[in-house]
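2 protein chains.
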Amino acid sequence: MGRKKTYDRNEALARARDLFWAKGYEGTHLEELVAATGVNRFSLYAEFGGKEGLFLEALTDYIEGAKATYDDLLGREPAGLANIRDYFASIRFTRDYAGCFLINTLTEKHVVAAEAFKLARRTTKHAQHLFLRNLEAAQATGELHRERDADTLAKLLVALDQGLAIYGIVSPSNKDKDAIFAQVDLLLGKGALPA
Amino acid sequence: MGRKKTYDRNEALARARDLFWAKGYEGTHLEELVAATGVNRFSLYAEFGGKEGLFLEALTDYIEGAKATYDDLLGREPAGLANIRDYFASIRFTRDYAGCFLINTLTEKHVVAAEAFKLARRTTKHAQHLFLRNLEAAQATGELHRERDADTLAKLLVALDQGLAIYGIVSPSNKDKDAIFAQVDLLLGKGALPA
DNA sequence: GATATACTTCACCTATCGTTCTGAAATCAG
DNA sequence: CTGATTTCAGAACGATAGGTGAAGTATATC
Numbered sequence: 221m222g223r224k225k226t227y228d229r230n231e232a233l234a235r236a237r238d239l240f241w242a243k244g245y246e247g248t249h250l251e252e253l254v255a256a257t258g259v260n261r262f263s264l265y266a267e268f269g270g271k272e273g274l275f276l277e278a279l280t281d282y283i284e285g286a287k288a289t290y291d292d293l294l295g296r297e298p299a300g301l302a303n304i305r306d307y308f309a310s311i312r313f314t315r316d317y318a319g320c321f322l323i324n325t326l327t328e329k330h331v332v333a334a335e336a337f338k339l340a341r342r343t344t345k346h347a348q349h350l351f352l353r354n355l356e357a358a359q360a361t362g363e364l365h366r367e368r369d370a371d372t373l374a375k376l377l378v379a380l381d382q383g384l385a386i387y388g389i390v391s392p393s394n395k396d397k398d399a400i401f402a403q404v405d406l407l408l409g410k411g412a413l414p415a
Numbered sequence: 221m222g223r224k225k226t227y228d229r230n231e232a233l234a235r236a237r238d239l240f241w242a243k244g245y246e247g248t249h250l251e252e253l254v255a256a257t258g259v260n261r262f263s264l265y266a267e268f269g270g271k272e273g274l275f276l277e278a279l280t281d282y283i284e285g286a287k288a289t290y291d292d293l294l295g296r297e298p299a300g301l302a303n304i305r306d307y308f309a310s311i312r313f314t315r316d317y318a319g320c321f322l323i324n325t326l327t328e329k330h331v332v333a334a335e336a337f338k339l340a341r342r343t344t345k346h347a348q349h350l351f352l353r354n355l356e357a358a359q360a361t362g363e364l365h366r367e368r369d370a371d372t373l374a375k376l377l378v379a380l381d382q383g384l385a386i387y388g389i390v391s392p393s394n395k396d397k398d399a400i401f402a403q404v405d406l407l408l409g410k411g412a413l414p415a
């Protein structure tokens with residue numbers, strides 16, 4: 221019983237996430253959050269426990285979404301280089317992510333920085349693990365040369381993943397993306413890579 | 221005539237840069253700036269024209285430093301892959317940059333975002349140009365295979381450069397760095413890269 | 001339809017932000 | 001030394017931030 225909410229919790233969280241993502245924690249004011257989410261100040265406090273709680277939930281929401289994307293694209297069967305190529309093609313080269321919310325958060329040394337750091341390490345490790353999984357499968361089938369250091373290559377791909385997210389902000393050209401993608405292929409040993 | 225300043229302008233600028241770098245624009249409060257720079261509020265306004273002016277000067281200072289580093293390491297003669305290797309080895313794999321001040325700024329949509337965006341494009345283009353210069357020289361001497369798309373490879377290196385700056389925040393392990401460096405070498409066609 | 005419940009609106013509070021002002025301290029020309 | 005000039009240190013300013021309280025309104029159960 222009682223009055224119904226005029227907002228949807230998940231929808232509100234998504235809007236808050238986008239705002240925090242774009243403007244950072246301190247740069248996003250409560251008034252903007254109220255306007256964007258449609259949740260009034262009082263309910264926002266009751267629902268999320270204030271600005272800080274809302275931020276943490278928004279960040280967690282983002283992480284879960286990112287993890288789901290990783291799992292979806294890099295967890296496919298059969299494992300192999302195709303999964304990696306598909307990941308870069310469909311994430312880093314199509315949607316215009318404004319960098320990475322989590323990484324942006326790390327650069328802001330506010331109160332939730334410690335929690336964000338833990339999340340960052342965990343997510344990075346997860347992505348690295350998924351990359352490695354596909355690289356090792358590729359080595360098993362002979363798709364990737366067995367002498368390549370798969371473990372390190374996975375780390376490089378993680379770094380490149382982040383780099384491309386940023387590159388997309390500065391130079392969001394599709395022409396560039398296609399060309400860079402071809403170079404990633406070369407890195408993976410596909411295509412005609414000269415010795 | 222008049223009283224002497226108790227601070228050094230450049231020193232104060234460097235301290236302000238580090239603070240803004242670490243905590244962002246909105247996350248850095250004037251009181252902290254006063255404490256860190258040793259410049260009192262009044263003088264800070266007289267000297268830099270307020271918080272915004274100080275930020276812009278600090279950002280410019282950072283850019284000039286970064287550009288000088290690029291020029292120094294990637295502009296050396298003779299041009300070639302060694303310069304690129306040296307750059308990554310001495311910048312992205314030794315000093316613990318907390319990401320890139322300029323890129324951090326882009327993610328904060330505050331009042332100087334437009335100016336920061338211009339600076340980012342210009343700096344990125346500059347780095348790309350320097351990478352390309354060394355790649356083309358390497359192709360001329362046969363150090364790098366002539367069929368490689370040097371232009372695109374330069375772009376990839378720019379993206380990787382940014383990615384490694386971030387990777388250094390999350391996983392600042394020197395063991396990782398050495399291994400990743402070996403993979404960068406492979407990307408450049410040095411070492412025993414299997415076809 | 002009465003009543004209890006939960007959300008909404010709106011005004012207010014306190015803290016703190018960036019900025020400005022004021023009087024004292026320090027420096028240099030004459 | 002004297003006076004002009006500049007910086008210094010701290011208080012004070014208006015604006016606005018995040019958070020909270022009280023009254024009103026819509027909804028569900030009985």
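Those protein sequences? They're chains A and B, same order as listed.
Here our numbering is used: the first residue of the first sequence is 221, the next is one more, and so on.
Here our numbering is used: the first residue of the second sequence is 221, the next is one more, and so on.
Don't be surprised by glycine CBs; every beta carbon is placed ideally from N, CA and C.
Supposed close pair residue i, residue j - CB separation, criterion 8 Å
i	j	result
Leu301/A	Ala358/A	5 Å
Leu376/A	Ile400/B	5 Å
Gly383/A	Gln382/B	4 Å
Leu364/B	Leu408/B	7 Å
Thr344/B	Val378/B	6 Å
Leu278/B	Phe308/B	Note that residue 278/B is Ala in the sequence shown here, rather than Leu. Going by Cβ atoms, the distance from Ala278/B to Phe308/B rounds to 26 Å, so no, they are not a contact pair.
Leu350/A	Tyr387/A	Going by Cβ atoms, the distance from Leu350/A to Tyr387/A rounds to 21 Å, so no, they are not a contact pair.
Leu380/A	Leu380/B	6 Å
CA nearest to the CA of residue i, picked from the options
i	options	result
Gln403/A	Ala402/B, Phe401/B and Leu406/B	Leu406/B
Glu356/A	Ala278/A, Thr257/A, Asn303/A and Lys224/A	Asn303/A
Ala336/B	Leu350/A, Ile389/A and Arg235/A	Ile389/A
Gly258/B	Gly269/B, Glu277/B, Ala236/B and Gly273/B	Ala236/B
Leu233/A	His249/A, Phe262/A, Tyr282/A and Lys225/A	Tyr282/A
Ser310/B	His346/B, Ala286/B, Ala255/B and Phe268/B	Ala286/B
Pro298/A	Tyr265/A, Ala360/A, Lys225/A and Thr372/A	Ala360/A
Tyr245/A	Ala255/A, Lys271/A, Val254/A and Ala266/A	Lys271/A
Leu373/B	Leu352/B, Arg229/B, Ala385/B and Asp228/B	Leu352/B
Asn230/A	Glu267/A, Asp396/A and Tyr387/A	Glu267/A
Phe275/B	Lys225/B, Gly247/B and Asp396/B	Gly247/B
Asp228/B	Gly222/B, Leu250/B and Leu264/B	Leu264/B
Asp238/A	Arg261/A, Cys320/A and Arg223/A	Cys320/A
Ala288/A	Leu250/A, Asp396/A, Ala333/A and His346/A	His346/A
Asn354/A	Arg261/A, Asp292/A and Gly273/A	Asp292/A
Thr419/A	Ala255/A, Arg305/A and Ala333/A	Since the first residue shown for chain A is 221 and the last is 415, residue 419/A is missing from the structure and cannot be characterised.
Asp398/B	Lys224/B, Arg305/B and Arg366/B	Arg305/B
Lys225/A	Phe262/A, Arg296/A and Leu250/A	Phe262/A
Glu284/A	Arg223/A, Gly222/A and Arg342/A	Arg342/A
Lys243/B	Val254/A, Arg366/A and Thr325/A	Thr325/A
Where the alpha helix (DSSP H) through residue i begins and ends
i	result
Gly273/A	Lys271 to Leu294
Lys243/A	Arg229 to Lys243
Arg342/A	Ala333 to Ala360
Glu363/B	Note, Glu363/B: premise wrong, no alpha helix (DSSP H); not H, not E.
Asn248/A	Checking the sequence, you will find Thr at residue 248/A rather than Asn. Segment: none, Thr248/A is in no alpha helix (DSSP H) and carries neither H nor E.
Thr226/A	That residue, Thr226/A, is in no alpha helix (DSSP H); it is neither H nor E in DSSP.
Ser263/B	Arg261 to Phe268
Arg305/B	Leu301 to Tyr307
Leu408/B	Looking at the DSSP string, Leu408/B is not in any alpha helix (DSSP H), and its letter there is neither H nor E.
Requested in this report: With 7 Å as the C-beta to C-beta threshold (strictly closer), list the residues of the region 243-260 of chain B near chain A in chain order.
Outcome: Lys243, Gly244, Glu246 and Gly247
Report task. Output, in sequence order along the chain, the residues in the region 355-372 of chain B whose CB is closer than 8 Å to any CB in chain A. Result -> His365, Glu367, Arg368, Asp369, Asp371 and Thr372
Requested in this report: Taking only beta carbons into account, state which residues of the region 258-290 of chain B come closer than 8 Å to chain A, listed in chain order.
Outcome: Along the region 258-290 of chain B, there is no position whose C-beta sits under 8 Å from a C-beta of chain A.
Query raised in the report: Using a Cβ cut-off of 7 Å, which residues of the region 294-308 of chain A contact any Cβ in chain B, in chain order?
Result: none
Query - Positions along the region 373-384 of chain A whose CB lies within less than 9 Å of some CB in chain B - result: Leu373, Lys375, Leu376, Val378, Ala379, Leu380, Asp381, Gln382, Gly383 and Leu384
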